[in-house]
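The opening residue of the sequence shown carries number 1 in the numbering used here; numbering runs sequentially from there.
Just so you know, even glycine gets a beta-carbon here, dropped at the ideal spot from N, CA and C.
Below is one structure; the comments refer to it alone.
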Amino acid sequence: MKYLIVGLGNIGPEYEDTRHNIGFKILDAFAKASNVVFSDKRYGYVAETRVKNKSLILLKPSTFMNLSGNAVRYWLQKENIPISNLLVVVDD
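Next comes the structure, spelled out in structure tokens:
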């Protein structure tokens with residue numbers, strides 16, 4: 001079974017240490033702990049790992065925040081992941 005974990009954040013160094021980038025930071029920490037690296041893919045940076053026989057796709061959208069839904073929709077459809085297997089990490 002596949003899961004999509006999306007960390008939301010803002011692109012650019014001026015946002016790097018703001019609370020709005022907590023999604024990026026959490027996914028970075030998870031990827032580091034899992035010994036995986038992000039690759040520049042369509043609509044964002046993507047890493048893949050497995051936990052307890054579950055396939056996890058980590059996504060940090062490279063779109064503006066208001067357009068991050070496009071990235072999420074693309075990766076859900078591309079990987080045939082049901083919306084029930086979507087987790088979004090956000091600062092709100």
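Taking 8 angstroms as the cut-off, the Cβ atoms of MET1 and ASN85 count as close. Listed in chain order, the non-local C-beta contacts of VAL72 below 6 angstroms within the same chain comprise VAL6, local neighbours out to five positions each way being set aside. Residue LYS25 holds the alpha-carbon nearest to the alpha-carbon of ALA33 among ASP40, SER39, LYS25. Going by DSSP, SER84 is part of no beta strand (DSSP E) at all; its letter is neither H nor E. Taking the Cβ atoms as the reference, GLY23 lies roughly 5 angstroms from VAL90, within the contact range of under 8 angstroms.
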